[in-house]
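A short write-up of the structure that comes next.
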Amino acid sequence: MTASATSHRRRLPVLQGVLPLDRKQIPANVLAGITLAALAIPEVMGYTSIAGMPVVTGLYTILLPMLAFAFFGSSRHLVVGADSATAAVMAAGLVELAQPGTDNYVALAGVLALMAATFLLLARLIRLGFLANFLSRSVLIGFLTGVGIQVACGQVGGLLGIPEGKGLTINGDLFDNTITKLISTLQHASATSWATVAVSVSVLVVILGGKFVTKKIPGALIAVVGAIVLSWHWDFASHGIATLGHLPGGLPKVGLPQGIHYSDIPALMGTAVSIFILILAQSAATSRAYAAKYNDDFDENVDLVGLGVANIFAGLSGTFVVNGSPTKTEMVDGAGGRSQLAQITTGLIVLIVLLFLTSPIQYMPKAVLAAVVFMIGLQLVDIKGLRTIFKVRKDEFVVATLTAATVVLLGVEQGIVLAIVASVIGHLRRSYMTATAVMVPDTNDPGYHSQPVDAEIRTIPGLVVYRFASDLYYVNANRFLEDLNALANSAAPLQWICIDAGAITDVDFTGSLTIKQVQTELAEHDIKLVVADAMTSVKEKLDRYGITALIGEDAYFPTVESSVQAFNTESASQ
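Residue numbers (this note's numbering): 163 to 736.
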């Protein structure tokens, strides 16, 4: 990004995803917005079946919330609206509290969006945007794959025109996971509406076939419009094909959710936290990917404000939680959109639809939405990604697979918990298994290269340069202690140990106590401890911890080479 663009962005607290406005790109952005509307309208209407919300609320997610992020967000590319993963998490959390589709359920969904917004804005205040990095890509692939399987299986009843199963009762206990619900749904297969199946198959054929005919006109849009026209002309409802029925038109009513008590808040807390984590991880990953693609800058913390405000508008306008959507973002990018002007265009088109075009939508067969959502679910199942992980990191493949299985067999919220725990454990494991080495001279180069730590290895006779390639803190402090104790207790002569601190950016209290313990052990063996290449901030911490007073100011060297020279000088003088 140019310097002028960056300075302009700093001056304006809003419209960072739009400004500076390149007039040459306005037509392309407007066209991309029209394309997004054509693709996203049937998609978000389908997401309402996942969320358990009235169909019209899907349109509400890409009206005020989308416009809010365009004004208050930082990313030029991220599209905010209804999302299958967050819809599934929400539904899993609300289904035990209210009947899907009822006024109370809708009100609870609004409260949930406001709670998620609160967490997002609090995260901005204390700059927690970095937490988005704590869901690893492999875990996220596994989670979204599990959600995709759950979503696709949940649409089988709608595709066949039969009631959705509630699960299986075994020994008096109800098991209501994805598999048992699918089995109980298929137990009604004898009641299949073949007219509904015909509609479902036709829609799937049009969606899939449209990709081979033209990518300019989305197959889902053709299927939706065609189904509405045919349903109106031949009165599908009279042939046993369920349709959406009356769809309220006009703008959404803005206000706080009604009929909710403070006692409802604790029951929503776990779901709100799960949604917050998912929004944080998915939105940041999507923004980062497209910013890197086009060399744009974006601020994760500013995006938190945009996402928070978007969810405030979702909660106040009678719809459900919104998220940064990878699929919609790809739609805009593929259509040539390069700024939030495309999303503003989409919002204006949705406004026109709500004001003037909701009446024809009532003729849409429910099987159309089931087919659209079924395809969305299949697209979330990332077989290619899982195969790639399996080839390069089988341990991460196991974690991704377990995460997917947890979502399918136990539930979405449990999958979120496992995803977070697995990512944190992975982070801690890597921190504990810090790369350490003894630096030894390179015969073909004046510098040094690393060798795995071995108690008998010496950089030069009497000296070990020990490299610790991580921050020194409570997780890996014992590794540091074990390595240096092994070096000190080896049979090979040793007078100095030099810590190559170039990769250490922080030392916590536990780390400082460990260094003091190491110094005590080394002193008992008449071994001198010195430090090379320490950052100024790290040196200041060591001063504050009292380590400098313990080892002396003369124990610090600007480079590894200067510490080796000092050792040679001291050895020669003895």
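All residues carry an ideal CB built from backbone N, CA and C; glycine is no exception.
First and last residue of the beta strand (DSSP E) that includes residue i?
i: P603; result: 598-604
i: G609; result: 607-613
i: K690; result: 690-694
i: V626; result: 624-630
Buried or exposed for residue i, please, with buried defined as at least 16 other CB atoms from any protein chain shown within 10 angstroms of its CB.
i: L691; result: buried
i: A703; result: It should be noted that the sequence gives Lys, not Ala, for residue 703. K703 comes out buried.
i: T565; result: buried
i: V242; result: buried
i: E575; result: buried
i: I582; result: buried
i: I545; result: exposed
i: T721; result: exposed
i: F671; result: exposed
i: S425; result: exposed
i: N651; result: exposed
i: L276; result: buried
i: T168; result: Reliability fails at T168, whose pLDDT of 43 lies under 50, so the model's placement of it is uncertain and no value is given.
i: A653; result: exposed
i: R286; result: buried
i: S166; result: Because S166 carries a pLDDT of 39, less than 50, the predicted location of this residue cannot be relied on, and no value is offered for it.
Take residue i as the anchor and find which of the options has the nearest alpha-carbon.
i: N463; options: T672, R289, A360, V574; result: R289
i: I551; options: G411, P623, I303; result: I303
i: R641; options: G243, P419, M595, T264; result: M595
i: A357; options: L684, S593, P527; result: P527
i: M228; options: W394, V218, L510; result: L510
i: S632; options: D662, Q613, E644; result: D662
i: S355; options: P614, G334, G319; result: G319
i: V409; options: K701, F518, F475; result: Sequence inspection shows Leu at residue 409; the Val mentioned does not correspond to that position. Per the Cα distances, F518.
i: D495; options: S449, D459, L513; result: S449
i: V206; options: Q727, A653, A532; result: A532
i: A696; options: Q261, Y718, A446; result: Y718
i: L322; options: A351, C315, L306, I474; result: A351
i: S364; options: S346, L392, L344; result: L392
i: A617; options: D607, L656, T264; result: L656
i: T731; options: R706, Y707, W658, K678; result: W658
i: M678; options: S593, S585, G714, I622; result: The identity of residue 678 in the sequence shown is Lys, whereas the question assumes Met. Checking every option, the nearest Cα to that of K678 belongs to G714.
i: L684; options: G381, E644, T507; result: E644
i: E723; options: P522, P614, H687, P608; result: P608
i: D458; options: R238, I188, A728, A694; result: R238
i: D497; options: F305, Q420, N473, V192; result: A quick correction: the sequence has Ala, not Asp, at residue 497. Here the closest residue by C-alpha is V192.
i: H589; options: A353, N638, Q541; result: N638
i: S362; options: A279, A453, A382; result: A382
Hey, would you say residue i sits closer than 8 angstroms to residue j, going by beta carbons?
i: R629; j: T676; result: no
i: A230; j: V483; result: no
i: G195; j: Y209; result: no
i: L270; j: L430; result: yes
i: V140; j: I709; result: Nothing about residue 140 can be reported from this structure: the residues present for the chain run from 163 to 736 only.
i: L548; j: F536; result: no
i: V313; j: S246; result: yes
i: T223; j: A476; result: yes
i: L634; j: V669; result: yes
i: I622; j: V693; result: no
i: I437; j: V251; result: yes
i: I441; j: T248; result: yes
i: V615; j: C660; result: no
i: L478; j: V416; result: yes
i: V268; j: M215; result: yes
i: T508; j: A190; result: no
i: I384; j: G372; result: yes
i: L649; j: Q681; result: no
Tell me where the alpha helix (DSSP H) around residue i begins and ends.
i: I661; result: Not the alpha helix (DSSP H): I661 falls in the beta strand (DSSP E), residues 656-662.
i: L580; result: 574-594
i: Y707; result: 698-707
i: Q312; result: 299-316
i: F460; result: Per DSSP, F460 belongs to no alpha helix (DSSP H) and is neither H nor E.
i: I203; result: 188-213
i: S724; result: 722-735
i: Y636; result: That residue, Y636, is in no alpha helix (DSSP H); it is neither H nor E in DSSP.
i: F671; result: 671-686
i: F281; result: 265-287
i: L564; result: 556-571
Taking 8 angstroms as the CB-CB cut-off, is residue i touching chain C?
i: T219; result: The structure shown has no chain C; it contains just one protein chain.
Enumerated in chain order, which unbroken segments of the beta strand (DSSP E) with a length of 3 residues or greater are wholly contained in the segment 321-380?
-> 330-332, 335-337
Which whole runs of the alpha helix (DSSP H) in the segment 495-541 are 4 residues long or more, in chain order?
-> 503-518, 520-523
At what residue ranges does the segment 378-440 contain a whole run of the alpha helix (DSSP H), taking only runs of 4 or more?
-> 381-396
Taking only runs that begin and end inside the segment 212-254, name each unbroken alpha helix (DSSP H) of 4 or more residues, in chain order.
-> 218-222, 226-234
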